[in-house]
Amino acid sequence: MFSASSEYSSLPTVFLSHKHDNLKDMRGVMGLLEDLSVNVYIDSMDNRMPNQTNGETALRIKKVIEFCNKFILLATDRAIESYWCNWELGI
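Quick note on numbering: my numbering labels position 68 of the sequence shown as 68, and the sequence is numbered without any gaps.
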């Protein structure tokens, strides 16, 4: 377990939920947000996430989402069908 105020003290303010298969689209949205001086958090780019998806992954993602000021879902067809994207929306 971690403390959002300590381990993620420099956490960006927007959590970008996406299907990992949609990397091209995700990078486009990330670039657009960064051009607008918006900080973006991408879980797949966080080296503190477990290598294998497990219960710790869920706990960390939940804490990060709670810590971020905004949440954006990159709502592609594959993301809408994704278990994880739907789970993140439900937090």
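Every residue gets a Cβ at the ideal spot worked out from N, C-alpha and C, and that includes glycine.
Short of 6 Å from the beta carbon of Lys62, and not among the five residues preceding or following it, lie these beta carbons of its own chain, in chain order: Ile91.
For the pair Thr76 and Lys19, the CB atoms are nearer than the 8 Å cut-off. The closest CA to that of Lys24, considering only Gln52, Cys85, Thr13, Leu74, is found on Leu74. At a Cβ-Cβ threshold of 8 Å, Ser17 and Glu88 count as neighbours. Asn54 and Val14 have their alpha carbons spaced roughly 23 Å apart.
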